[in-house]
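Engineer: Following this message is one structure expressed as C-alpha cells.
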Amino acid sequence: NLNNNILKMCDGSIGKCLSIKDKIEDYLQIENIFININKNLLQVINLSEILYKNKENINEYLEYINVILYQYAHNDYKNCEKFLNSIKIVEKTKQRLLSNSNYDMCIDYLVFNIWEEINEKNSRC
C-alpha cells in the first residue's frame, strides 16, 4: 500500500520520487497514523509526532495524507464521506499554515479533527 500511495503522490516526477526515497521512514510513520486511526486519541497523537517534528516537510506530508485518505475513500464506499471530509480538514490545515497560524496548533487541529471525523460514532452525541 505504501508503494502505491507514493507512486500516486509522485505523479510521474522522478525528482519527487527521489526526495521521498530519502524520507521513506517518515512516510511509513504517516501510514501508521492512519492504520491506527481507530485507536484512542492519545495513541493517535503519539503516532503523529512525525508531523509535529517536521515543520520543513509538512506540505509534502499533508499531500501524502490526502493520498492516503483518497485511497481509503475509494476503497471504503460505506465510509467514503468521512474520508472526503478529512481531506477538507487537511486542506483547511494547509490554509492555516499559509496564514502563519501557530504550527503546533495547526497540527493539533489536523489530528483532532480527522480523528473525530473518522471515529464520529465514538466522539459525537
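In terms of the working numbering, the sequence shown is numbered consecutively and its last residue is 108.
Virtual Cβ for every residue (Gly too), placed ideally from N, Cα, C.
1. At 4 residues or longer, what runs of the alpha helix (DSSP H) sit wholly inside the region 10 to 73?
2. Report buried or exposed for Leu11, applying the criterion of at least 16 other Cβ atoms within 10 angstroms of its Cβ.
3. Just how far apart, CA to CA, sit Gln54 and Asn85?
4. Between which two residues does the alpha helix (DSSP H) carrying Tyr87 extend?
5. Counting pairs of Cβ atoms below 8 Å between the region 56 to 63 and the region 25 to 36, do you hit three or more?
6. Classify Lys75 as helix, strand or coil using the three-state DSSP reduction.
7. Would you report the Cα separation of Lys61 and Ile18, rounded to the nearest angstrom?
Structural biologist: Taking the coordinates as given:
1. Fully enclosed alpha helix (DSSP H) runs of no fewer than 4 residues occupy 24 to 30, 32 to 36 and 41 to 58 of the region 10 to 73, in order along the chain.
2. Per the 10 Å Cβ criterion, exposed.
3. Using only the alpha carbons, I get a separation of about 29 Å.
4. Residue identity check: residue 87 is Asp in the sequence provided, not Tyr. Segment Tyr86 to Ile101, the alpha helix (DSSP H) holding Asp87.
5. Taking a contact to require three or more Cβ pairs closer than 8 Å, the region 56 to 63 and the region 25 to 36 do not qualify as touching.
6. Lys75 carries a helical assignment under DSSP once its states are collapsed to helix, strand and coil.
7. Rounded to whole angstroms, Lys61 to Ile18 spans 17 Å at the Cα level.
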